[in-house]
Amino acid sequence: MSKWSEVTFITAAQNVPLAPKAPPALLSATSTSLRLSWVQAKGNGSLIMNYTIEVTDKRTGVRRMGAEVNATEARVTTVYGLLPGKTYEVRVRATNGVGAGVWSVNATMSTLHDIPSAPQWSVINASSTEVVLRWLPAHDNGDKVRAYVIERALSHFRTISTLSAAPPPAKSPSQLREQAQLHRALLRTNVLMQLSSTTSSAVLDFVEIGKVSGLSQEYTDTTVSPGIEYVYRIHAVNNAGSGPSTAASIITNADVPDSPSELTATQVADTSARISWRRPTSNGPTVYRYRLEIAELRDPPLWTIKYEGDRVQFILTNLINGTTYLARVHALNCKGWSAPSPIFTFATQSAVPNQITAFHLRKRSSRAVVLSWSQPSLNGQTQVTYIVQARQPSQRWEDVYTGTVANATIRNLKPAQKYDFRVVAISAAGRGVFTAPLPVTTRVGEPEPPIRP
13 MSKWSEVTFI
23 TAAQNVPLAP
33 KAPPALLSAT
43 STSLRLSWVQ
53 AKGNGSLIMN
63 YTIEVTDKRT
73 GVRRMGAEVN
83 ATEARVTTVY
93 GLLPGKTYEV
103 RVRATNGVGA
113 GVWSVNATMS
123 TLHDIPSAPQ
133 WSVINASSTE
143 VVLRWLPAHD
153 NGDKVRAYVI
163 ERALSHFRTI
173 STLSAAPPPA
183 KSPSQLREQA
193 QLHRALLRTN
203 VLMQLSSTTS
213 SAVLDFVEIG
223 KVSGLSQEYT
233 DTTVSPGIEY
243 VYRIHAVNNA
253 GSGPSTAASI
263 ITNADVPDSP
273 SELTATQVAD
283 TSARISWRRP
293 TSNGPTVYRY
303 RLEIAELRDP
313 PLWTIKYEGD
323 RVQFILTNLI
333 NGTTYLARVH
343 ALNCKGWSAP
353 SPIFTFATQS
363 AVPNQITAFH
373 LRKRSSRAVV
383 LSWSQPSLNG
393 QTQVTYIVQA
403 RQPSQRWEDV
413 YTGTVANATI
423 RNLKPAQKYD
433 FRVVAISAAG
443 RGVFTAPLPV
453 TTRVGEPEPP
463 IRP
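One rule links them: number in our numbering = place in the sequence shown (from 1) + 12.
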């Protein structure tokens, strides 16, 4: 056997690493991260220095490179910054001194679904009777938004009454207009004010007022009152739960007051009455003036202003007794006059007839006299009865005529005698006052002439 040749050293050719024999494995997932592991790749003649992770959004195809992991460390890493509820294709490759190796087979992994993001308000419009809310869609974070929930609270911080005080009563129409313009400018607060949900939730009592589908982006609140500051907040809901809310405040437009109500009449007499009413809802600005109007019952009524001021009652005087009146009240704030209150009807008490002022002797004879008089004011009554009384000196008064006509023939008198006569009017309200005595002396013993009434 021959001897061995000399030893010759041969170095095998080096190449990039081979692909890991298995796709990456998912260890855990959150809504924004994936934790994964992989098997070791063969170095193919060169020492593996690190591993690179590639993540691709399966729906959009957008790729991103994950962190490089040193080969001396455990073959485990967490990929952060992902989107909730998304499916990704994940692969890994090794790098040695020659270069980057072959990618592994793709593994499909998904982040967890999460609650929706907070919707953002786009527009809030307010009138005196409704608020229209609009918002931008919330991000669904991997699970379809099922609904939007709208809540409302009354603000503890601002109301119309604290924004400005009611202007004092003006002394002239021009002053009143200037004050109203100033107050109206102070009430131009229909501006959206964004609030943090943390702050608003801590100090306000919210009540759910509506829920709409996840496709909706608008809600109209028709249960508001004028001149009030409301705070609204909205949150989105999906299968993962309720997302955070976004809050905003707005003040509804002020309006003229509601009509005064509950008019009543007390202390009603024949020429006076006290009219009272209930303060109306101000609809924002303070009510600082009332106007009371009355009219006699007729068609159409002729209204007369009897009172303007800040009180809620007024005593009417110089009324006509036994008369039916209509009454109504308006209220005023800086936005203008309200509609009139419902018409209230009341009647003054009837008075007894006035005293008769024209009482005359028309004719006389020895045994009869003819008397006449004018009809007095009946003070609201329509029916009247007259009583005529007579007496001789030092005698008592006696009724000698009762009737409804304003003249009377008094017979069976004695000739050449002195008599006193008086007359009074009586109505349903009572008896008036007798006239002063009318002295009459009958003629002396002549034959009684025919007397016509």
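Just so you know, even glycine gets a beta-carbon here, dropped at the ideal spot from N, CA and C.
query	result
State buried or exposed for Tyr300, treating a residue as buried only when at least 16 other CB atoms are found within 10 Å of its CB.	buried
Using the Cα positions of Ala41 and Glu142, report the straight-line distance between them to the nearest angstrom.	46 Å
Looking only at its own chain, which residues have a Cβ that is under 6 Å from the Cβ of Gly253, when we skip the five neighbours before and after it?	Ile127
Since Val51 contacts Ala34 with CB under 8 Å, what's their CB separation in whole angstroms?	5 Å
Taking DSSP as the reference, what is the three-state secondary structure of Val417?	coil
Asn137: buried (16+ other C-beta within 10 angstroms of its C-beta) or exposed?	exposed
Shortest alpha-carbon distance to Pro131 belongs to which of Thr258, Ala380, Leu145?	Thr258
Mind pulling the beta strand (DSSP E) runs of 3 or more residues that sit fully within the stretch 363 to 448?	371 to 376, 381 to 385, 397 to 403, 410 to 415, 419 to 422, 430 to 439
If I measure Cβ to Cβ from Lys54 and keep anything under 7 Å in the same chain, skipping five residues before and after, which residues do I get?	Pro29, Leu30
According to DSSP, Gln361 sits in a beta bridge with which residue or residues?	DSSP, once it has assigned bridges, lists no residue as partnering Gln361.
Have a look at Val117, Ile60, His342, Glu220 and flag the residue whose alpha-carbon is nearest the alpha-carbon of Val67.	Val117
Note down the Cα distance separating Gln229 from Glu163, rounded to an integer number of angstroms.	15 Å
Per DSSP, which residues does Ile468 bridge with? Please list them.	As shown, the chain starts at 13 and ends at 465. That puts residue 468 outside it, with no answer to give.
Out of Thr99, Ile422, Phe446, state which residue places its alpha-carbon closest to the alpha-carbon of Val452.	Ile422
Could you tell me whether the Cβ atoms of Val435 and Ile368 are closer together than 8 Å?	yes
My output table needs one value for Val215: the three-state DSSP class, helix, strand or coil.	helix
Run the CB neighbour count on Ile327, radius 10 Å, all protein chains shown included, and call it buried at 16 or more, exposed below.	exposed
Shortest alpha-carbon distance to Phe446 belongs to which of Val400, Leu425, Ala440?	Val400
Can you grab the Cα-Cα spacing for the pair Arg158 / Asn345, in whole Å?	45 Å
Please list the terminal residues of the continuous beta strand (DSSP E) segment that includes Trp147.	143 to 148
Tell me the residue span of the beta strand (DSSP E) that contains Glu274.	273 to 278
Find the nearest neighbour of Glu305 within the set Val236, Lys375, Tyr319, judged by alpha-carbon distance.	Tyr319
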